[in-house]
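**Student:**
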Amino acid sequence: MINMKRILVTGATGQIGSELTPALRKRYGDENVIASGHTIEPDRELLEGGPFCFLDVRDSCSLEKIVKEYRINTIYHLAALLSAAAEKDSQLAWDVNINGLKTILEAARAFHCSVFFPSSIGAFGPSTPPDNTPQDTIQRPATMYGITKLSGELLCDYYYHRFGVDTRGLRFPGLISYKTMPHGGTTDYAVEIFYAAIRGNRYECFLREGTRLDMMYMPDAIRAAINLMEADPKRLAHRNAFNVTAMSFAPEEIYTEIKKNIPDFIMTYRVDPVRQAIADSWPHHMDDSSARREWGWRHEYNLAAMTREMIERLSERFEKDKGDRYVSKTVR
Ligand code: AKB
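Numbering of the sequence shown is given in the working numbering, commencing with residue 476 and proceeding in unit increments.
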């Protein structure tokens, strides 16, 4: 049996949480992983797969109650607003991303929990070296999301050095998955494009041709989070947060890859200036050698492998949905 973990996942209904929670339950036991969410209705898998609590991460009383009641010793703190959503409502982004994290760190300090914190390529800014972006470099983000992510990294390091809280984090690139859509991100186009391709539609890309960004397929991201939290702390020279990447591409490259599988799919461009400005302030490709050296990070999916699997899985889902709609009509 792996070390007895009692885990709380915040933001469990979101893009990462909806896949990380079942993976954690499989690894540590259903009853040992408590999913929590705030706004979105949890799906059946989350609700039936183990305990679920409604939680606003800014509410310290409810958080402490859950941590005590379930004897939590590890928190995967995923609840946050993404980049484009944070530009729309910067006050809410500060409140959820910073005050939410502070509440989590205080509970972790009081109840001796480890904390996983997802940072992002958004923690970098226009003055960051964009190619082979080093682990330790100039950050100075230009977006509210980036400011909250960089402040989060610093806050997590502070709680580690000052109070001994075992905080660990990853700078995630754009994450691509077929299960749950991301909401309010700048890299969302790399998920939306697959839905449009499978439905036989055209896709209008909101980022300009040539906008190169780091990306990762969700199974790699889930493995990265779990492996980092299980890593030998003696090997970790860094903590908050590690650069991790799996591939780097521009919209025209993922389009070409999808067209190899779906030849009549068409993509055009209609640039959204807000999301374009965000993307232009982010690196093109991070150097993740510290993660590879310090805790053995290794990605499994490149652009071609990820594209094949996304198309396969989404096509199965699309066919099943069509079948379900047909059955519910004929049964009536
Ligand atoms: C976003 O686009 O906001 C996120 C991220 C890269 O952090 N996917």
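Note that beta-carbon positions come from the ideal geometry of N, C-alpha and C, so glycine has one too.
What you are looking at is a predicted structure, and each value in this text was computed from that prediction instead of being measured.
So, at 8 Å on beta carbons, what are the nonlocal neighbours of Ser764 in its own chain, with the 5 sequence-adjacent residues on each side left out?
**Tutor:** Gln610
**Student:** Taking Cβ to Cβ, would you say Asp606 is nearer than 9 Å to Pro726?
**Tutor:** no
**Student:** Just confirm the distance between the C-beta atoms of Arg714 and Phe638, as a whole number of angstroms; I'd bet it's less than 8 Å.
**Tutor:** Rounded, the Cβ-Cβ distance is 13 Å, inconsistent with contact.
**Student:** Have a look at Pro694 and Ala700 and give me their C-alpha separation to the nearest angstrom.
**Tutor:** 10 Å
**Student:** So who's on the other strand from Arg646, going by DSSP bridges?
**Tutor:** Ser594, Asn718
**Student:** Measure how close the beta-carbons of Thr612 and Pro604 come, nearest whole angstrom, since I'm counting them as under 8 Å.
**Tutor:** 6 Å
**Student:** Residues in its own chain within less than 7 Å of Val749 by CB, not counting five upstream and five downstream?
**Tutor:** Ala559, Glu562
**Student:** Here's the rule: buried if 16 or more other CB atoms are within 10 angstroms of the residue's CB, otherwise exposed. What is Phe647?
**Tutor:** buried
**Student:** So, using beta-carbon positions, are Gln751 and Arg687 closer together than 9 Å?
**Tutor:** In this structure, Arg687 does not lie closer than 9 Å to Gln751 by Cβ.
**Student:** Taking 8 Å as the cut-off, is the beta-carbon of Phe599 closer than that to any non-hydrogen atom of the ligand AKB?
**Tutor:** No, the Cβ of Phe599 stays beyond 8 Å of every heavy atom of the ligand AKB.
**Student:** By Cβ distance, which residues of its chain are closer than 6 Å to Phe793, with the 5 residues on each side in sequence left out?
**Tutor:** Ile673
**Student:** Taking the alpha carbon of Leu645 as the reference point, which residue from Ala780, Val590, Pro738, Ala754 has its own alpha carbon closest?
**Tutor:** In terms of Cα proximity to Leu645, the closest of Ala780, Val590, Pro738, Ala754 is Val590.
**Student:** Quick check: what's the CA-CA separation for Glu769 versus Val746?
**Tutor:** 39 Å
**Student:** In the DSSP assignment, what residue or residues form a beta bridge with Tyr663?
**Tutor:** Sequence inspection shows Asp at residue 663; the Tyr mentioned does not correspond to that position. Answer is none; Asp663 lacks a bridge partner.
**Student:** Compute the beta-carbon to beta-carbon distance between Phe592 and Thr642, rounded to the nearest angstrom, for a pair I have assumed lies under 8 Å.
**Tutor:** 6 Å
**Student:** When you compare each of Thr720, Ala754, Phe669, His760 to Arg783 by their alpha carbons, which one comes out closest?
**Tutor:** Phe669
**Student:** Should Gly575 be listed as close to the ligand AKB, given that the test is whether its C-beta is under 8 Å from any heavy atom?
**Tutor:** no
**Student:** Kindly list the residues whose CB is nearer than 7 Å to the CB of Pro497, restricted to its own chain and excluding five residues on each side of it in sequence; keep chain order.
**Tutor:** Glu520, Gly524
**Student:** Count the other C-beta atoms from every protein chain shown that fall within 10 angstroms of the C-beta of Gly771, then say buried if there are 16 or more, exposed otherwise.
**Tutor:** Result: exposed.
**Student:** If you follow the beta strand (DSSP E) that Phe529 is part of, which residue opens it and which one closes it?
**Tutor:** 527 to 529
**Student:** Met722 to Met619, Cα distance in whole Å?
**Tutor:** Cα to Cα, the separation comes out at about 25 Å.
**Student:** Confirm the yes/no value for this check: CB of Ala663, any heavy atom of the ligand AKB, distance under 8 Å.
**Tutor:** Before going on, a small fix: residue 663 reads as Asp here, not Ala. Asp663: yes, Cβ under 8 Å from the ligand AKB.
**Student:** Going by other Cβ atoms of all chains shown within 10 Å of its Cβ, with 16 needed for buried, is His587 buried or exposed?
**Tutor:** exposed
**Student:** Do Asp739 and Thr720 count as a contact pair if the criterion is CB distance below 9 Å?
**Tutor:** no
**Student:** Let me check one thing: in DSSP terms, what residues is Tyr634 bridge-paired to?
**Tutor:** According to DSSP, which records beta bridges pairwise, Tyr634 is partnered with nothing at all.
**Student:** Taking 8 Å as the cut-off, is the beta-carbon of Pro758 closer than that to any non-hydrogen atom of the ligand AKB?
**Tutor:** no
**Student:** Could you tell me the distance, in whole angstroms, from the CA atom of His636 to the CA atom of Glu679?
**Tutor:** His636 and Glu679: Cα-Cα distance of roughly 47 Å.
**Student:** Comparing the C-beta of Tyr744 with each C-beta of chain D, is any distance below 9 Å?
**Tutor:** Annotation note: the requested chain D is absent from the structure, which comprises a single protein chain.
**Student:** Tell me which residues share the same chain as Gly486 and place their Cβ nearer than 7 Å to its Cβ, disregarding the 5 neighbours each side in the sequence.
**Tutor:** Gly492, Gly512, Leu553, Ala554, Ala555
**Student:** Following a CB-centred definition, is Phe647 positioned closer than 8 Å to any heavy atom of the ligand AKB?
**Tutor:** yes
**Student:** In chain order, what residues of the same chain have a beta carbon less than 8 Å from the beta carbon of Pro616, not counting five sequence neighbours either side?
**Tutor:** Gly597, Ala598, Phe599, Gly600, Ile622, Lys624, Leu625, Ser756
**Student:** How many angstroms separate the CA atom of Met656 from the CA atom of Gly489?
**Tutor:** Roughly 8 Å between the two C-alpha positions.
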